[in-house]
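Everything on this sheet refers to the single structure shown next.
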Amino acid sequence: MTDESVVRRLRDALGDRVDTRTDVLEDARADKSGHASAGVPLAIVHAASVADVQATMRIATETRTPVVTRGAGTGLAGGANAGRGEIVLSTLGMARILEVRPDDLLAVVEPGILNADLNDALAEHGVWWAPDPASRAIATVGGNIATGAGGLLCAKYGVVRDAVLGVDLVLADGRLVHLGHRSVKGVTGLDLTSLVIGSEGILGVIVGATLKLRRLVPGAVHTIAATFADVRTAAAASAAVTASGAQPAIMELMDAASLAAVHALLELDPPTPGAAQLTIQTDGPAAAAEAKAIAAVLHETGGAVALAADEVEGEHLLSIRRSMHPAMETLGMTLIEDVAVPRSALPAMFDEIARIEREYGIVIPTVAHAGDGNLHPNFVFEGPDVPPHIWDAADALFRAALALGGTLTGEHGIGVLKRRWLADELGDDQWTLQRDIARVFDPLGLLNPGKVFAP
70 MTDESVVRRL
80 RDALGDRVDT
90 RTDVLEDARA
100 DKSGHASAGV
110 PLAIVHAASV
120 ADVQATMRIA
130 TETRTPVVTR
140 GAGTGLAGGA
150 NAGRGEIVLS
160 TLGMARILEV
170 RPDDLLAVVE
180 PGILNADLND
190 ALAEHGVWWA
200 PDPASRAIAT
210 VGGNIATGAG
220 GLLCAKYGVV
230 RDAVLGVDLV
240 LADGRLVHLG
250 HRSVKGVTGL
260 DLTSLVIGSE
270 GILGVIVGAT
280 LKLRRLVPGA
290 VHTIAATFAD
300 VRTAAAASAA
310 VTASGAQPAI
320 MELMDAASLA
330 AVHALLELDP
340 PTPGAAQLTI
350 QTDGPAAAAE
360 AKAIAAVLHE
370 TGGAVALAAD
380 EVEGEHLLSI
390 RRSMHPAMET
400 LGMTLIEDVA
410 VPRSALPAMF
420 DEIARIEREY
430 GIVIPTVAHA
440 GDGNLHPNFV
450 FEGPDVPPHI
460 WDAADALFRA
470 ALALGGTLTG
480 EHGIGVLKRR
490 WLADELGDDQ
500 WTLQRDIARV
510 FDPLGLLNPG
520 KVFAP
């Protein structure tokens, strides 16, 4: 069937929700990673309901047309980039909160709602949803679930996998299945909800989610900023905080290059050359005491420690960390990477990054969710294509993380950018098993083809 006839069938079923404007199709080729597919998709379906999604998938199956599900396009692994001959199925317009149950600490939502908008609405009920990616103002809940997103609060409050009770999923052939449960406990059968979380659109289209909420945390937050002579010392200090038994809500590390870039972007005074910074926030009834104890650990490990005077100053300190990605965009094209290691191995991982910088003659600005061992090294280059020596440096970095007992990705996912390394971490048997599982959900291989598993 020709491309024109596929689009015609979509229009017959969905009318003006089918979009073929050139600029919109171009936008769907790329995500926030900055990397784009080689071609332009057929059309974008702006789904407004579950029925729209089902109709799209039925047409896709009947015509054997690939489908790429897309939310806000804020991913960083090329996982929602659409190319030639593909339908883009956008769930961004499905953004309703269907139900809030503060007594059961759950909410039922559509996938297009933004993290920040969700928590603004939940606040009046005295509850919140904990996942807190740095892109919370522009990232969707559906995208969070599809990528297994993390963020700044993971060390204390967990990742998306810890905050989802159930998922409504439209399969490749248009069937709707309700996975999971509304109860706190539920172990009936295989845990297909967890299988879908982080599946990057290759198992089905997420059209709804039952979320596990928390009560709003009482009391004021306390924020600490500590500067260190170098990043390894800062990493060792973060490991010492963890070893002390303290559990901050946020513990973020910025190396010298990333800190300098953000200060330049925000027009702040330049930081001390070579200095790295830890930004730590405590919350809850014991926040003040925890902040004092953590400050003592930071001082003992060589930090120059400052405690924010109030929550406004604390949010200003955190805004420096949240400005990392815009700051990297000022430096050029960026391969934004995402590895995780055991928290005690964080200093060793920064040693490896320094070795790779020396070996390849490059600077790799790096930030880390130090509370959970998740690092984001940034490889800056002149675009549009990633040069071979940058891929070689990234390869060395990935292998270093795996050698330290870590993983290729803590929260961004595999997408197209890391698929060539997936079998290195999984091993051949698990790689094959996972691919076989995906084919049970999607026998024709129509959903997000070319992502996660290398062709």
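The numbering of the sequence shown is the numbering used here, which starts it at 70 and goes up by one.
For glycine and all other residues, C-beta sits at the position ideal for the given N, C-alpha and C.
Hey, how far is the Cα of residue i from the Cα of residue j?
| i | j | result |
| --- | --- | --- |
| THR435 | ILE214 | 25 Å |
| VAL323 | ALA396 | One detail in the question is off: residue 323 reads as Met in this sequence, not Val. Rounded to whole angstroms, MET323 to ALA396 spans 12 Å at the Cα level. |
| SER388 | ASP461 | 32 Å |
| VAL177 | LEU502 | 32 Å |
| ALA325 | LEU400 | 14 Å |
| ASN150 | ALA105 | 6 Å |
| ALA423 | VAL229 | 31 Å |
| ASP441 | ARG98 | 32 Å |
| ALA469 | GLY371 | 27 Å |
| ALA206 | ASN188 | 10 Å |
| GLN350 | VAL75 | 52 Å |
| ALA82 | LEU513 | 22 Å |
| PHE467 | ILE433 | 13 Å |
| ALA377 | THR292 | 5 Å |
| ALA507 | LEU259 | 15 Å |
| GLY383 | LEU222 | 15 Å |
| LEU367 | ASP231 | 30 Å |
| ILE425 | PHE448 | 11 Å |
| LEU240 | LEU495 | 26 Å |
Please work out which residues of its chain come closer than 7 Å, Cβ to Cβ, to residue i, disregarding the five sequence neighbours upstream and downstream, and give them in chain order.
| i | result |
| --- | --- |
| LEU94 | VAL109, PRO110, ILE113 |
| TRP181 | One detail in the question is off: residue 181 reads as Gly in this sequence, not Trp. GLY140, THR160, LEU161, GLY162, MET163, ALA164, THR209, GLY211. |
| GLY147 | ASP100, SER102, HIS104, GLY484, VAL485, LEU486 |
| HIS458 | TYR429 |
| GLU380 | ALA289, VAL290 |
| GLU269 | GLY148, ALA215, THR216, GLY482, ILE483, GLY484, ASN517, LYS520, VAL521 |
Is residue i close to the ligand SAM? I mean its beta-carbon at under 7 Å from any heavy atom of the ligand.
| i | result |
| --- | --- |
| LEU491 | Among the components modelled here there is no ligand, and therefore nothing to report on the ligand SAM. |
For residue i, which residues from the same chain have a beta carbon less than 6 Å from its beta carbon, with the 5 sequence-adjacent residues on both sides left out?
| i | result |
| --- | --- |
| HIS247 | ASP237 |
| PHE522 | ARG504 |
| LEU328 | PRO340, GLN346 |
| GLN316 | LYS225 |
| PRO135 | GLU155, LEU515, PRO518 |
| LEU167 | VAL177 |
I need the DSSP call for residue i, collapsed to helix, strand or coil.
| i | result |
| --- | --- |
| SER102 | coil |
| PRO457 | helix |
| LEU161 | coil |
| LYS281 | strand |
| PRO395 | helix |
| ARG78 | helix |
| ARG139 | strand |
| GLY212 | helix |
| LEU261 | helix |
| GLN503 | helix |
| LEU94 | helix |
| MET418 | helix |
| ARG427 | helix |
| HIS385 | helix |
| THR311 | helix |
| ASP242 | coil |
| THR130 | helix |
| ASP88 | strand |
| ALA364 | helix |
| THR478 | coil |
| VAL331 | helix |
| ARG153 | coil |
| ALA492 | helix |
| LEU111 | coil |
| VAL436 | strand |
Please work out which residues of its chain come closer than 8 Å, Cβ to Cβ, to residue i, disregarding the five sequence neighbours upstream and downstream, and give them in chain order.
| i | result |
| --- | --- |
| ALA192 | LEU285 |
| ASP96 | GLY142 |
| VAL233 | ILE214, GLY249, THR262, ILE266, ALA278, THR279, LEU280, LYS281 |
| ASP464 | TRP490 |
| GLY48 | As displayed, the chain neither begins before 70 nor continues past 524, which places residue 48 out of reach and without an answer. |
| ALA107 | GLY152, ARG153 |
| ARG127 | ASP242, GLY243 |
| ASP92 | none |
Give the DSSP bridge partners of residue i, in chain order.
| i | result |
| --- | --- |
| HIS194 | Answer by DSSP bridge pairing: none, since HIS194 is not bridged. |
| ASN447 | ILE405 |
| GLN123 | According to DSSP, which records beta bridges pairwise, GLN123 is partnered with nothing at all. |
| ALA345 | PHE297 |
| ILE483 | ILE483 is not bridged to any residue. |
| THR292 | GLN350 |
| LEU183 | THR209 |
| ASP237 | HIS247, GLY277 |
| ILE166 | VAL178 |
Original post:
Would you call the segment 305 to 325 and the segment 360 to 370 touching, i.e. three or more CB-CB distances under 8 Å?
Top reply: Short answer: they touch.
Subject >> Three or more C-beta pairs below 8 Å linking the segment 352 to 359 and the segment 292 to 302 >> reply: The segment 352 to 359, when compared against the segment 292 to 302, does not touch it at the 8 Å Cβ threshold.
Original post:
Does the segment 403 to 421 come close enough to the segment 335 to 342 that 3 or more CB-CB pairs lie under 8 Å?
Top reply: Result no; under three Cβ-Cβ pairs closer than 8 Å.
**OP:** Tell me, please, whether the segment 299 to 307 touches the segment 414 to 422 by the rule of three or more beta-carbon pairs shorter than 8 Å.
**Re:** Taking 8 Å as the limit for Cβ pairs, the verdict is that the segment 414 to 422 does touch the segment 299 to 307.
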